[in-house]
Amino acid sequence: MKPWRLIGWCLPVAVAAGLLVWLCRPQPSTPPPAEDTPLGPPWFADVTDAWGLSFVHDAGPVGHYFMPQALGSGAALFDFDGDGLLDIYLVQNGGPKGAKNRLFRQERSSGNIRFVDVSAGSGLDLAGYGMGVAIGDVNNDGRPDVLVTEYGAIHLFLNQGQGKFVEVTKEAGLDNPAWGTSAAFFDYDKDGWLDLVVVNYVDYDPTWPCTPGGKPEYCAPKTFPGRVSRLFRNLGAREGVRFKDVTLEGGLGKLAGPGLGVLCADFNGDGWPDILIANDGQPNRLWINQKGKAFKDEAILRGIAYNRLGQAEAGMGVALADVDGDGRFDPFVTHLTEETHTLWLQESLGAFTDRTAAVGLKGPHWRGTGFGTVLEDFDHDGWPDIAVVNGRIARASAMMNADLGPHWGLYAERNQLFANDPGPRRGTRASGATRSRGYPGFRDVSRDNRDFCGVPNVARGLCCGDLDGDGGLDLLVTTAGGRARLYRNVVPQRGHWLIVRAIDPGLNRDAYGAQVSVRVGDKTYRRLINPASSYLCSNDARAHFGLGSADHVDEIEVLWPDGKREPFPRGRRADQAIVLRRGEGKR
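Each residue of the sequence shown is one higher than the one before, starting from 13 at the first, in our numbering.
Spelled out as structure tokens, the structure:
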């Protein structure tokens, strides 16, 4: 057959076949949504003005690129006056001559919430290069005390009651002339007194110029050597509050690092609280408690020093929850825009595996440089969700938020929110056994939440707690050089819930380090009591449980910090906040 005849025969056949394929192609039922088109109802509503929170963060004068101003500041949610309502403390960063830290008391009238500024005369209204805040009752008098970290100092304030605080830093033997960031109270030696770990960042030299691309910019952490974190042992308050610096003998002085986030929990199941520190651009540290005597870094051994590719990422904020229902806590750490926010699953006791991609967190709608983060059940379906607040530490090429001005507008990014929708187990544990509760699968719902995620900000701190008493967890966000904002939980048709406060009457305070387990049928939910997590923040100290369709719980068990287990077997109705006191359960 001549070539031209072959072409003439094949061409109509090819055209007909192509037309058939085109006509039979799958047809979308609706046009694909635009990038920012909400697909579902929002989970959070901005109530900053409605609830009367008026706070603008002072980061100091812009244009000097003073590195601490790019990384602060944090906040705390705590009931400072014992009226059962969560109050707010917010930290400033404008230096000794800048704006002062602010204390806001929650007041309610006819169901309306207002946060009233009671800073003046409280003792907490100090000015400085403020970074983080930690809350804990250091003298076991039943009142929460306040520790503030700064660039160059820390401050401890004892709660005197009646809205008054007095600084006792020097008398208590506390000194940290480094750049302190996050801090946490925990009882590492289980003697009943709360000890303190303060995370330090880098040995910053403000005279050192950083000009990437020929323009002034905030220095990268690798420009300066890291600092060791400090460990202070509480000697008890029999003769006044006293701490002893045990950084060297406790082992933390052996390894420096640019630390930003901290979280204290029992990571290997031996009953002793350990310390996880998120380092910025260097391997994370997991300081394993050597039975109250010292700590040993086992982050590499336990798989949490690096990501799945063996790389150290820029760790900022940390959160912890049992995201897959296997009874073991899983840590989550936020990182740079160019990296991923990383979830490690504790797939066997004390061993962690980076499962970021497997759980659906590797390809979000957008990326961001994450700082504050929480792992909590916002929709009460029984599975912890993730919230992350973002903000760059290096300029973007174009203005992200003109409302923040020509300086901070170039550092703004959008926040993120991920719903935990577990599915069938995709794979097995290291031991080969499948999990009974399913495998976590996170769905990006950021586009549905314009209030929380739609407006670019330079976010730093993220606090979580039930502010209005309806059982839903609300959020407080701090920003560099901008407003602090409150977001009320408005998830429609939330499931049932339970909030548990665990108190040891012998210590007269919240049982930091306790683990609370709630059984509903064949399901068991577990939470940790310690408010220090996220980034530079302290959260509601109570344990919060989403219960799905269950309108009651069958049993509650508390694993107290000293290792004693106490069941509270009497069935309880859901949708209430309760207080469990040691010794009142089943003996």
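Cβ coordinates follow ideal geometry from the N, Cα and C atoms, glycine included.
What does residue i pair with, by DSSP beta-bridge criteria?
i, result
"K308", "I300"
"E567", "R531"
"A277", "D286"
"Y163", "W191"
"F430", "I398, D456"
"P270", "P270 is not bridged to any residue."
"T365", "L357"
"L89", "I100"
"V68", "R495"
"R462", "Answer by DSSP bridge pairing: none, since R462 is not bridged."
"G560", "H508"
"A132", "None; A132 has no bridge partner."
"A326", "D292"
"E261", "E261 pairs with nothing; no bridge assigned."
"S121", "N124"
"F116", "I100, D129"
Going by the CB atoms, is the gap between residue j and residue i shorter than 8 Å?
i, j, result
"N113", "D137", "yes"
"I568", "V530", "yes"
"G403", "A471", "yes"
"G372", "G453", "yes"
"V253", "F244", "no"
"L485", "G473", "no"
"I541", "V528", "yes"
"A249", "N151", "yes"
"D681", "G494", "Examination of residue 681 is not possible in this model, given that the chain is present from 13 through 599 alone."
"I312", "P343", "no"
"L429", "N461", "yes"
"V103", "S85", "yes"
"M328", "Y216", "no"
"G133", "P108", "no"
"G339", "R538", "yes"
"N427", "F390", "no"
"K308", "G263", "yes"
"A195", "G144", "yes"
"P270", "V214", "yes"
Hey, quick one: how far does the alpha helix (DSSP H) through residue i stretch, first residue to last?
i, result
"W395", "No alpha helix (DSSP H) contains W395, which DSSP labels as neither H nor E."
"G417", "417-420"
If contacts are defined as beta-carbon pairs under 8 Å, then residue i and residue j qualify, I think. What distance do you get, rounded to the angstrom?
i, j, result
"G192", "T161", "3 Å"
"G175", "F127", "Actually they do not touch by this definition, with Cβ atoms about 14 Å apart."
"G387", "A87", "Note that residue 387 is Leu in the sequence shown, not Gly. Rounded, the Cβ-Cβ distance is 18 Å, inconsistent with contact."
"I384", "V401", "This sequence places Gly at residue 384; Ile is not what is there. G384 to V401, Cβ: 5 Å. Contact."
"T368", "T354", "5 Å"
"L89", "L83", "Actually they are not in contact, since the Cβ atoms of L89 and L83 sit about 21 Å apart, beyond 8 Å."
"R593", "P543", "Incorrect: roughly 19 Å between the Cβ atoms, too far for contact."
"D563", "G583", "That pair is no contact at about 11 Å."
"A526", "V457", "Contact flag wrong, Cβ pair sits at about 31 Å."
"P434", "D334", "With a Cβ gap of about 12 Å, P434 and D334 do not count as contacting."
"S632", "C475", "Outside the shown range of the chain, which is 13 to 599, sits residue 632, and nothing can be said about it."
Does the beta carbon of residue i fall short of 7 Å from some heavy atom of the ligand GDP?
i, result
"V489", "As for the ligand GDP, it is missing from this structure, which has no ligand bound."
Within the continuous beta strand (DSSP E) that includes residue i, where are the two ends?
i, result
"G477", "471-477"
"K112", "Segment: none, K112 is in no beta strand (DSSP E) and carries neither H nor E."
"R155", "No beta strand (DSSP E) contains R155, which DSSP labels as neither H nor E."
"R340", "Careful: R340 lies outside any beta strand (DSSP E) and carries neither H nor E."
"Q358", "354-360"
"Q81", "Looking at the DSSP string, Q81 is not in any beta strand (DSSP E), and its letter there is neither H nor E."
"V103", "Run containing V103: none; DSSP gives neither H nor E here."
"N246", "242-246"
"H508", "508-516"
"M143", "142-148"
"P579", "577-580"
"T385", "382-388"
"E179", "176-179"
"N212", "207-212"
"R126", "124-129"
"L592", "588-593"
"K256", "255-257"
"L332", "330-333"
"F56", "56-58"
**OP:** Check whether the segment 408-415 touches the segment 496-516, taking contact to mean three or more Cβ pairs, one atom from each stretch, closer than 8 Å.
**Re:** Short answer: they don't touch.
**OP:** Decide yes or no for the touch test of the segment 200-215 against the segment 61-73: beta carbon pairs closer than 8 Å, at least 3 of them.
**Re:** Three or more beta-carbon pairs separated by less than 8 Å are not found between the segment 200-215 and the segment 61-73, which leaves the two stretches without contact.
Subject >> Contact the segment 347-357 vs the segment 547-556: 3+ CB pairs below 8 Å >> reply: Contact between the segment 347-357 and the segment 547-556 is absent: fewer than 3 CB-CB pairs across the two stretches fall below 8 Å.
Original post:
Is the segment 148-156 touching the segment 508-524, taking contact as three or more C-beta pairs under 8 Å?
Top reply: Cβ pair count under 8 Å is three or more, so yes.
Original post:
Per the contact definition of three or more C-beta pairs closer than 8 Å, is the segment 176-185 in contact with the segment 505-518?
Top reply: No contact exists between the segment 505-518 and the segment 176-185.
Original post:
Does the segment 162-173 come close enough to the segment 232-239 that 3 or more CB-CB pairs lie under 8 Å?
Top reply: Contact between the segment 232-239 and the segment 162-173 is absent: fewer than 3 CB-CB pairs across the two stretches fall below 8 Å.
Original post:
Between the segment 274-281 and the segment 223-237, do three or more beta carbon pairs fall short of 8 Å?
Top reply: At 8 Å Cβ cutoff, the stretches do not touch.
**OP:** Check whether the segment 192-201 touches the segment 51-58, counting contact only when three or more Cβ pairs, one atom from each stretch, lie closer than 8 Å.
**Re:** At 8 Å Cβ cutoff, the stretches do not touch.
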